[in-house]
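Number of protein chains: 2
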Amino acid sequence: MRNDINIEINDVCEEQCVHNDAVTEVKEKMPNLDTLFTLAELFKMFGDTTRIRIMCALFQRELCVCDLSEILGMGQSAVSHQLRLLRTSSIVKVRREGKSAYYSLDDEHIQKIFELGLEHINEERRA
Amino acid sequence: MRNDINIEINDVCEEQCVHNDAVTEVKEKMPNLDTLFTLAELFKMFGDTTRIRIMCALFQRELCVCDLSEILGMGQSAVSHQLRLLRTSSIVKVRREGKSAYYSLDDEHIQKIFELGLEHINEERRA
DNA sequence: TTAACATATGAACAGATGTTCATGCATTGA
DNA sequence: TCAATGCATGAACATCTGTTCATATGTTAA
Chain A
909 MRNDINIEIN
919 DVCEEQCVHN
929 DAVTEVKEKM
939 PNLDTLFTLA
949 ELFKMFGDTT
959 RIRIMCALFQ
969 RELCVCDLSE
979 ILGMGQSAVS
989 HQLRLLRTSS
999 IVKVRREGKS
1009 AYYSLDDEHI
1019 QKIFELGLEH
1029 INEERRA
Chain B
909 MRNDINIEIN
919 DVCEEQCVHN
929 DAVTEVKEKM
939 PNLDTLFTLA
949 ELFKMFGDTT
959 RIRIMCALFQ
969 RELCVCDLSE
979 ILGMGQSAVS
989 HQLRLLRTSS
999 IVKVRREGKS
1009 AYYSLDDEHI
1019 QKIFELGLEH
1029 INEERRA
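As structure tokens, this is what we get:
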């Protein structure tokens, strides 16, 4: 009985349908919240058309801000802001030469993630 | 001279530093905007901690809304709203049984994308 | 049928996000 | 040194997003 009381105290708001074994096991095996938060932050970078287009352009070659601005048909400021986010997330890196800043991809995972995403949406379209 | 005028008309706001060869080539090889938009929509689903946690839980096993609600420590409504988004993006699928709705992953790409993301952030941390 | 329950969903709200505008900083060439 | 150029960045603004609340839908058991 004391045991029951403890369960009630610990599992506040427990719904009646909960499969306790499943819930406990899944909870234990989940990566910690910090990791998942960081992961979400990474994927957030892929979750905007402008940034995806920037990455996609950089798959081909290193480019300066001005080139990217022209390729995307967007203002230099907008591109620059997005590049800052991509830099912060270690997705792109800069190389400065004279007045220009040349951006390129920092890591081959980026393209792999991109390609898996493409596969997924293509299967979806076929289905 | 007429040629110069046309160039000015077509390439409005052209910056002076643009590397025209590079820009033209990259532009040609870029996937179309629709595809990149759809791709961004997909990755948007990975770009939220709640949804990442849901996917992560479903890697282990099929779960009902109520279980997920308990695992995440979040309200049923919030979870249900997110599941709807994941359903719409063909990331999860539902199986209904009695009063419950059991969710599971729709496609193995999802876990692969997740794992590549993990690799990326782990390399980042090591560096 | 009715009550209880699991889930879904619309509305409302707060907070996050992306672009533009204005401006600052560094580099280059005159 | 000064003007022009390429890039970065803060502020402002509109839009998008995620959660909560209230409520609806559909299923089950009594």
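Just so you know, the sequences run in chain order A and B. For what it's worth, the working numbering labels the leading residue of the first sequence as 909, then goes sequentially. For what it's worth, the working numbering labels the leading residue of the second sequence as 909, then goes sequentially. By construction, the Cβ of each residue, glycine as well, lies at the ideal position given by its N, Cα and C atoms. Treat the numbers as computed from the prediction; the structure is a model and nothing was measured.
1. Looking only at its own chain, which residues have a Cβ that is under 6 angstroms from the Cβ of Glu1031 of chain B, when we skip the five neighbours before and after it?
2. Would you grab the beta carbon distance between Ala991 of chain B and Tyr1011 of chain B for me? Rounded to a whole angstrom, and I think it's under 8 angstroms.
3. Nearest chain B C-beta to Ala1009 of chain A closer than 8 angstroms, yes or no?
4. Run through DSSP, which three-state label would Lys935 of chain A get?
5. State yes or no: is the C-beta of Leu980 of chain A within less than 8 angstroms of the C-beta of Thr958 of chain A?
6. How would you label Gly1006 of chain A, buried or exposed, when you count the other beta carbons within 10 angstroms and need 16 or more for buried?
7. From the DSSP output, which residues share a beta bridge with Glu1005 of chain A?
8. Between the C-alpha atoms of Ser1008 of chain A and His989 of chain A, what's the straight-line distance to the nearest angstrom?
9. Near Arg961 of chain B, what residues of its chain come up, given a Cβ to Cβ distance below 6 angstroms and the 5 sequence neighbours on each side ignored?
10. Output, in sequence order along the chain, the residues in the region 972-985 of chain B whose CB is closer than 8 angstroms to any CB in chain A.
11. Please classify Asp975 of chain B as buried or exposed, where buried requires at least 16 other C-beta atoms within 10 Å of its C-beta.
Per the coordinate set shown:
1. Cβ within range, chain order: n/a, list empty.
2. According to the sequence shown, residue 991 of chain B is Leu rather than Ala. About 6 angstroms; that satisfies the 8 angstroms criterion.
3. Not closer than 8 angstroms to any Cβ of chain B, the Cβ of Ala1009 of chain A fails to qualify, so no.
4. In the three-state DSSP reduction, Lys935 of chain A falls in the helix class (H, G or I).
5. Leu980 of chain A places its beta carbon less than 8 angstroms from that of Thr958 of chain A.
6. Around the beta carbon of Gly1006 of chain A, fewer than 16 other beta carbons sit within 10 angstroms, so the residue counts as exposed.
7. In DSSP, Glu1005 of chain A forms a bridge with A:Ser1008.
8. Whole-angstrom Cα-Cα distance: 16 angstroms.
9. If we look at Arg961 of chain B and ignore the five residues flanking it on each side, its Cβ neighbours are Leu980.
10. The residues in question are Cys972, Cys974, Asp975, Ser977, Glu978, Ile979, Gln984.
11. By the neighbour-count rule (16 or more Cβ atoms within 10 Å), Asp975 of chain B is buried.
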